[in-house]
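**Q** Chains as they are written, first to last, in the numbering used here: chain A, 1 to 266; chain B, 267 to 891.
Using N, Cα and C, we set each Cβ at its ideal position, and we do this for glycine too.
Everything numeric in this text was worked out from a predicted model, so none of it was measured.
I am attaching a structure below and will ask some questions about it afterwards.
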Amino acid sequence: MSDLDELESQSVFILREAFRKVEKLGLLWSIGKDSNVLVWLARKAFFGRVPFPAIHIDTSYKLPEMIAFRERMAREWGLELIVGQNTAALADGMNHLRGRVACCTALKTDGLKEVVARHGFTGIIAGIRRDEEGTRAKERVFSPRAENAEWNFRDQPPEFWNHFNTDFPPGIHLRIHPLLHWTELDVWRYVRREAIPVVDLYFARNGRRYRSLGCAPCTGTMASAAASVDDIIAELEGTTVAERAGRAQDKEAEDAFERLRASGYM
Amino acid sequence: MNDNRALPIVIVGHVDHGKSTLIGRLLHDTGALPDGKVAALQEASRKRGMPFEWSFVMDALKVERDQGITIDTTRIRFSSDARDYVIIDAPGHAEFLKNMLTGAAAAEAAILVVDVIEGMSEQTRRHAFLLKLLGIREIIVAVNKMDRCGYAQDAFDAASRNVADYLAGLDLAAAAIIPISARNGDMIAHRSVPPSWYDGPTVLQALDALAGAPSEADRPLRLPVQDVYKFDERRIIVGRIDAGRLRVGDRLRFSPGERSARIASIESWNAQAAVSAAAGQSVGLTLDEDIFVERGQVASAPDAAPYAAARLKLRLFHFGHAPLQAGDAVKLQIGLAEHAATVEAVESVVDINDLTRRSAEAVGRNDIADVVVHSRTAIAVETAVEGRHLGRGILRRGYHIVAGFLVEAVLDAPQAAPVAGVARHITPVTSAVSHAERSAAWGHAGGVLWLTGLSGAGKSTLALALERELFRRDYRAVLLDGDSLRRTLNADLGFGEAERAENVRRIGAVAQHLAESGMIAIVACIAPRRSHRARLRHELGALYHEVYVKASLEICERRDVKGLYVKARRGEITAFTGVSDLYEAPAAPELEVGTDVLTPGECLEHLLDYVDRAFRPGDVRRLAS
Numbered sequence: 001m002s003d004l005d006e007l008e009s010q011s012v013f014i015l016r017e018a019f020r021k022v023e024k025l026g027l028l029w030s031i032g033k034d035s036n037v038l039v040w041l042a043r044k045a046f047f048g049r050v051p052f053p054a055i056h057i058d059t060s061y062k063l064p065e066m067i068a069f070r071e072r073m074a075r076e077w078g079l080e081l082i083v084g085q086n087t088a089a090l091a092d093g094m095n096h097l098r099g100r101v102a103c104c105t106a107l108k109t110d111g112l113k114e115v116v117a118r119h120g121f122t123g124i125i126a127g128i129r130r131d132e133e134g135t136r137a138k139e140r141v142f143s144p145r146a147e148n149a150e151w152n153f154r155d156q157p158p159e160f161w162n163h164f165n166t167d168f169p170p171g172i173h174l175r176i177h178p179l180l181h182w183t184e185l186d187v188w189r190y191v192r193r194e195a196i197p198v199v200d201l202y203f204a205r206n207g208r209r210y211r212s213l214g215c216a217p218c219t220g221t222m223a224s225a226a227a228s229v230d231d232i233i234a235e236l237e238g239t240t241v242a243e244r245a246g247r248a249q250d251k252e253a254e255d256a257f258e259r260l261r262a263s264g265y266m
Numbered sequence: 267m268n269d270n271r272a273l274p275i276v277i278v279g280h281v282d283h284g285k286s287t288l289i290g291r292l293l294h295d296t297g298a299l300p301d302g303k304v305a306a307l308q309e310a311s312r313k314r315g316m317p318f319e320w321s322f323v324m325d326a327l328k329v330e331r332d333q334g335i336t337i338d339t340t341r342i343r344f345s346s347d348a349r350d351y352v353i354i355d356a357p358g359h360a361e362f363l364k365n366m367l368t369g370a371a372a373a374e375a376a377i378l379v380v381d382v383i384e385g386m387s388e389q390t391r392r393h394a395f396l397l398k399l400l401g402i403r404e405i406i407v408a409v410n411k412m413d414r415c416g417y418a419q420d421a422f423d424a425a426s427r428n429v430a431d432y433l434a435g436l437d438l439a440a441a442a443i444i445p446i447s448a449r450n451g452d453m454i455a456h457r458s459v460p461p462s463w464y465d466g467p468t469v470l471q472a473l474d475a476l477a478g479a480p481s482e483a484d485r486p487l488r489l490p491v492q493d494v495y496k497f498d499e500r501r502i503i504v505g506r507i508d509a510g511r512l513r514v515g516d517r518l519r520f521s522p523g524e525r526s527a528r529i530a531s532i533e534s535w536n537a538q539a540a541v542s543a544a545a546g547q548s549v550g551l552t553l554d555e556d557i558f559v560e561r562g563q564v565a566s567a568p569d570a571a572p573y574a575a576a577r578l579k580l581r582l583f584h585f586g587h588a589p590l591q592a593g594d595a596v597k598l599q600i601g602l603a604e605h606a607a608t609v610e611a612v613e614s615v616v617d618i619n620d621l622t623r624r625s626a627e628a629v630g631r632n633d634i635a636d637v638v639v640h641s642r643t644a645i646a647v648e649t650a651v652e653g654r655h656l657g658r659g660i661l662r663r664g665y666h667i668v669a670g671f672l673v674e675a676v677l678d679a680p681q682a683a684p685v686a687g688v689a690r691h692i693t694p695v696t697s698a699v700s701h702a703e704r705s706a707a708w709g710h711a712g713g714v715l716w717l718t719g720l721s722g723a724g725k726s727t728l729a730l731a732l733e734r735e736l737f738r739r740d741y742r743a744v745l746l747d748g749d750s751l752r753r754t755l756n757a758d759l760g761f762g763e764a765e766r767a768e769n770v771r772r773i774g775a776v777a778q779h780l781a782e783s784g785m786i787a788i789v790a791c792i793a794p795r796r797s798h799r800a801r802l803r804h805e806l807g808a809l810y811h812e813v814y815v816k817a818s819l820e821i822c823e824r825r826d827v828k829g830l831y832v833k834a835r836r837g838e839i840t841a842f843t844g845v846s847d848l849y850e851a852p853a854a855p856e857l858e859v860g861t862d863v864l865t866p867g868e869c870l871e872h873l874l875d876y877v878d879r880a881f882r883p884g885d886v887r888r889l890a891s
């Protein structure tokens, strides 16, 4: 088995555990490379199907290429798509100029909470990875969230030997992280091996490319000549810059991302 | 970056014995740190007027990670010329053990750091014990701070002897014991200042010499069933192969249970069609027959199935808040199966300092203990020595995981496996005469009266009197006496745990045959374990009638009709029920007769009343002759 085979096998195992153990499951599809890999792994686990809805939280500020990609792939992959949007906050004029963290909280965190409540989801599959960012390194594969979606990262259940804790009191919902043990490079190597479609924004145009995708106002590009998946892999093998370096909301305060995560951000 | 997987290692030991220093030094000496990192830290230390420490490297990485500058410190990578490594951080002080288990469970090898002067602390010992529990067998011992004792050989020898003895007590052996100074970088990646008396490997050489976890693919097949899907016309059984390999056409047996079928296909999506798979792979299989299969069962080769057992001795590491004690209800998870179980007894709690055992009423938080549990349902299980995956598991109480465990012994392994192997080629022949015909002709139904109780309680005496009286009343009754059958049917069996279970099983099978032929089988046999009798009840169903012949141990010992108690007390008989072996009294027998409070005549009356009620259907009741 290659290391990618091992990663795939472990993620498929996790997805099947979630499907078996969690009553009402949804997959958080951000349209980025990681959640595309997640959709792909679900199809591996369930023999071509994705037997639960894919949820996209649309802030209305997403890069337009992302929305076009979403519509195209949802059809092609046969996804049951749920688009969530905090229309009340948008009607009230919420945008990043009112504070990036405030904007993320209203449009993403609250938008997700609303979808979870409306559809009665008891488990949300998300494509976060341990290597992305410090607080994510403390995550578990099956991570319980209280009713208000809060994450108590200081006292988490132990998790070992693939005995995932899936039994919680009513009111708790689970976040499930099948890619937790992958790295950014693993994701791209898997995208290459499986020929998984990704949004073109990842590839350099005029010397710049997106390394991480988000809302247009808060997501920056990096200088790069990487025009193909091969190029990106070669580039990442040499980088020492963090993946989320282009994500402005993380930098508003020293612990901004940790606070976003603790309050229920993906 | 190459495609070979990195060997995951964990670095454990007392918090002040130099773990972070060792990691900082390892990263630096193998060129894993960015250029200028150490120079910058040294400069920063100089400015603040404090001496530079190698542990600053780890601190700095953590700070940078928290600021989003660099990457993960929970999985730090470095490389030797031979291969790549990932250091799994086992972090934190509060809740440390829970986190260490979570992190270290993924490691295949460990470096145990010990201060040469302070030796093993309690924390070091606990970590060593957890390595054992986690099944990490490749352990490099780094005896650190050799510079502080002037590289004295006797200090190193004393420390290494101490560690080696402790590990031996855990049935572990160090892959290497190395004198190092993490601070000076001695004997880590380079043989700088090697003491003249040491010619063993450096830490990096010792790491490169590790084999890594042995391949599970060469062990017997173990595939726990995760789920069964029917998205379309295919019925697909999915799971991840824990051990062994399989191939289309192989016959799989699903335990617990006797059913088997052949693999018709290996299903997948967007992958080349495969005809075989091995340990580590998540697979989907279709079978050639639609046999009943459910989550938690374990697929194996038909002739190499795991045990199906209900009573286990566990060595557990307990991190639950509430103490664990006999009678507690727990959920037992082994493989992908969950079983409701009861803690039967706390045998002992291990003293972490000298590995001695003391008896205890309860298992406290962070205690390591041996306990006996029994489950209401059969568990597909192995001992930890026999199988890595089915030989370990977790205990849950309510919503919490409270312990991880290794299976020390399977206490009631039935002998069913070989029998089942043969049984496939045999077509059972049932009787030409029905139960209804027999009971109409003889005036009573068939059944088994199983007299259980301590030796000396009066089982045989009562059974003989009952047989005589039933005969007189025109019942078709026959006595099966456990002691007598030990000379014939069960002459090949001893008194070990498994043999006792088999003794009971065989008598049960004979009694069943008699009962099905319309007779009343009176069995006088201790059947000391609850699990023995639960199995009888399961196999015999409504035919089984349990009679508890009750007398206190004191009375039985005073009677000592056969002189056995005297011998047992003298130690001439080992594992004597009631004295040196446990008798588990029945919780809900059909009938209880107290031979220490009733006269023999009264006891017999109770039994006869019961037989009349239970075996004489109203429409065929006849007067006793």
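Over the uninterrupted beta strand (DSSP E) stretch that includes Q599(B), give me the two end residues.
**A** Within the second sequence, numbered from 1, the residue matching residue 599(B) stands at position 333. Note, Q599(B): beta strand (DSSP E), 595-600.
**Q** In the DSSP assignment, find the unbroken beta strand (DSSP E) run with G659(B) in it and report its ends.
**A** Taking the first residue of the second sequence as 1, we reach residue 659(B) at position 393. Unbroken beta strand (DSSP E) run through G659(B): 658-663.
**Q** Quick one, which of L292(B), N410(B), Y351(B), A375(B) has its alpha-carbon nearest V281(B)'s?
**A** Residue mapping note: residue 281(B) aligns to position 15 of the second sequence, counting from 1. Of L292(B), N410(B), Y351(B), A375(B), the residue nearest in Cα terms is N410(B).
**Q** Please list, in chain order, all residues of the same chain as R268(A) whose beta carbon is under 7 Å from its beta carbon, the five residues on each side excluded.
**A** No statement about residue 268(A) is possible, as the shown extent of chain A runs from 1 to 266 and does not include it.
**Q** Rounding to the nearest angstrom, what Cα-Cα distance links I502(B) and I532(B) in this structure?
**A** Locating residue 502(B) in the second sequence gives position 236, where the first residue counts as 1. Locating residue 532(B) in the second sequence gives position 266, where the first residue counts as 1. Their Cα atoms are separated by approximately 9 Å.
**Q** Looking at L728(B): is its Cβ nearer than 8 Å to the Cβ of L715(B)?
**A** Within the second sequence, numbered from 1, the residue matching residue 728(B) stands at position 462. Within the second sequence, numbered from 1, the residue matching residue 715(B) stands at position 449. No, these two residues do not count as a Cβ contact at 8 Å.
**Q** For the segment 564-571 of chain B and the segment 625-642 of chain B, state whether three or more C-beta atom pairs, one from each stretch, are separated by less than 8 Å.
**A** Verdict: no, contact absent.
**Q** At a Cβ cut of 8 Å, what residues of the segment 52-65 of chain A count as close to chain B, listed as they run along the chain?
**A** Of all residues in the segment 52-65 of chain A, none has a Cβ within less than 8 Å of some Cβ in chain B.
**Q** Going along chain A in order, which residues have a C-beta closer than 8 Å to the C-beta of D493(B)?
**A** Against the second sequence, residue 493(B) aligns to sequence position 227. The contacting residues are R16, F19, R20.
**Q** To which residues of the same chain is M222(A) closer than 7 Å at the C-beta, ignoring the five residues directly before and after it?
**A** Reading the first sequence from its first residue, position 222 is the one you call residue 222(A). So the qualifying residues of the chain are R208, R209, R211, G246.
**Q** Please state whether the Cβ-Cβ distance between F13(A) and G670(B) is less than 8 Å.
**A** Stepping through the first sequence from its first residue, residue 13(A) is reached at position 13. Stepping through the second sequence from its first residue, residue 670(B) is reached at position 404. The answer is no: Cβ separation not under 8 Å.
**Q** How far does the alpha helix (DSSP H) with V304(B) in it reach, from first residue to last?
**A** As a working note, residue 304(B) is residue 38 in the second sequence. Where V304(B) is concerned, the enclosing alpha helix (DSSP H) stretches over 303-313.
**Q** If the cut-off is 7 Å on Cβ atoms, which residues from the segment 72-100 of chain A count as contacting chain B, listed in chain order?
**A** Listed in sequence order: no entries.
**Q** Could you tell me the distance, in whole angstroms, from the CA atom of S726(B) to the CA atom of P866(B)?
**A** Sequence index remark: in the second sequence, residue 726(B) carries index 460 (1-based). Sequence index remark: in the second sequence, residue 866(B) carries index 600 (1-based). Roughly 12 Å separates the two Cα atoms.
**Q** Determine the direct distance from the alpha carbon of Y417(B) to that of G385(B), and round the result to whole angstroms.
**A** For the purposes of this step, residue 385(B) is taken as residue 119 along the second sequence, with counting starting at 1. For the purposes of this step, residue 417(B) is taken as residue 151 along the second sequence, with counting starting at 1. The straight-line gap from Cα to Cα measures roughly 15 Å.
**Q** Under 8 Å Cβ-Cβ, which residues of chain B neighbour D34(A)?
**A** Walking along the first sequence from the start, residue 34(A) turns up at place 34. Those within 8 Å of D34(A) in chain B number zero; the least Cβ separation is about 15 Å.
**Q** Do you know offhand how far A540(B)'s Cα is from R506(B)'s?
**A** Counting from one through the second sequence, the residue named residue 540(B) turns up at place 274. Counting from one through the second sequence, the residue named residue 506(B) turns up at place 240. A540(B) and R506(B): Cα-Cα distance of roughly 15 Å.
**Q** Could you give the first and the last residue of the continuous alpha helix (DSSP H) run that contains V290(B)?
**A** For the purposes of this step, residue 290(B) is taken as residue 24 along the second sequence, with counting starting at 1. Per the sequence shown, the amino acid found at residue 290(B) is Gly instead of Val. Run containing G290(B): 285-295, per the alpha helix (DSSP H) assignment.
**Q** Any C-beta of chain B within less than 9 Å: which residues of the segment 153-185 of chain A qualify?
**A** So the list reads R154, D155, Q156, P157, P158, E159, F160, W161, N162, H163, N165, D167, F168, P169, I172, H181, T183, E184, L185, given in the order they occur along the chain.
**Q** Which residue comes first and which comes last in the beta strand (DSSP E) that contains S521(B)?
**A** Sequence index remark: in the second sequence, residue 521(B) carries index 255 (1-based). Element bounds for S521(B): 517-521.
**Q** For K44(A) and chain B, any beta-carbon pair shorter than 8 Å?
**A** For the purposes of this step, residue 44(A) is taken as residue 44 along the first sequence, with counting starting at 1. Yes, K44(A) lies at the interface with chain B (some Cβ there is under 8 Å from its Cβ).
**Q** Check for me: the beta strand (DSSP E) holding G26(A) runs from which residue to which?
**A** Numbered from its first residue, the first sequence carries residue 26(A) at position 26. Counting along the chain, the beta strand (DSSP E) containing G26(A) begins and ends at 25-28.
**Q** With a Cβ-Cβ cutoff of 8 Å, do I267(A) and V115(A) count as a contact?
**A** Chain A is shown from 1 up to 266; residue 267(A) falls before or after that span and cannot be answered.
**Q** Any idea what DSSP makes of E384(B), helix, strand or coil?
**A** For the purposes of this step, residue 384(B) is taken as residue 118 along the second sequence, with counting starting at 1. Reduced to three states, the DSSP call for E384(B) is coil.
**Q** When the distance is taken between beta carbons, is A646(B) closer than 8 Å to V564(B)?
**A** Numbered from 1 along the second sequence, position 298 holds the residue referred to as residue 564(B). Numbered from 1 along the second sequence, position 380 holds the residue referred to as residue 646(B). Going by C-beta atoms, V564(B) is nearer than 8 Å to A646(B).
**Q** With three or more beta-carbon pairs closer than 8 Å as the criterion, would you say the segment 734-741 of chain B touches the segment 811-827 of chain B?
**A** The answer is no - the segment 811-827 of chain B does not touch the segment 734-741 of chain B, with fewer than three Cβ pairs under 8 Å.
**Q** Give the straight-line distance between the Cα atoms of R192(A) and L180(A), rounded to the nearest whole angstrom.
**A** The count along the first sequence starts at 1 and reaches residue 192(A) at position 192. The count along the first sequence starts at 1 and reaches residue 180(A) at position 180. Between R192(A) and L180(A), the C-alpha separation is close to 19 Å.
**Q** Does any residue of chain A bring its CB to less than 8 Å from the CB of I265(B)?
**A** Examination of residue 265(B) is not possible in this model, given that chain B is present from 267 through 891 alone.
**Q** Should D231(A) be flagged as near chain B, meaning a C-beta pair shorter than 8 Å?
**A** As a working mapping, residue 231(A) is identified with position 231 in the first sequence. No - not a single Cβ of chain B is within 8 Å of the one on D231(A).
**Q** Name, going along the chain, the residues of the segment 454-479 of chain B whose beta-carbon falls closer than 8 Å to a beta-carbon of chain A.
**A** Answer set for the segment 454-479 of chain B: empty.
**Q** Anything in chain A within Cβ reach of E533(B), meaning under 7 Å, just list it in chain order.
**A** Here residue 533(B) corresponds to residue number 267 of the second sequence, with the count starting at 1. Going along chain A in sequence order, the residues near E533(B) (Cβ under 7 Å) are F47.
**Q** Determine, using beta carbons only, whether V199(A) comes closer than 8 Å to chain B.
**A** Here residue 199(A) refers to the residue found at position 199 of the first sequence. False, the Cβ-Cβ gap to chain B never drops below 8 Å.
**Q** Taking 8 Å as the CB-CB cut-off, is V685(B) touching chain A?
**A** One-based indexing of the second sequence puts residue 685(B) at position 419. At V685(B) the pLDDT is 37, less than 50, meaning the model places this residue with poor confidence and gives no usable figure here.
**Q** Rounded C-beta distance between R528(B) and G510(B)? I'm assuming under 8 Å.
**A** Sequence index remark: in the second sequence, residue 528(B) carries index 262 (1-based). Sequence index remark: in the second sequence, residue 510(B) carries index 244 (1-based). That pair is no contact at about 16 Å.
**Q** Take the Cβ of D594(B) as the centre, count every other Cβ of all protein chains shown within 10 Å, and call the residue buried at 16 or more, exposed below.
**A** The count along the second sequence starts at 1 and reaches residue 594(B) at position 328. With 16 or more other Cβ atoms within 10 Å, it is buried.
**Q** Which same chain residues, not among the five before or five after G478(B), have their C-beta less than 6 Å away from its C-beta?
**A** The residue you call residue 478(B) lines up with position 212 of the second sequence. Closer than 6 Å at Cβ, skipping near neighbours: L273, E374.
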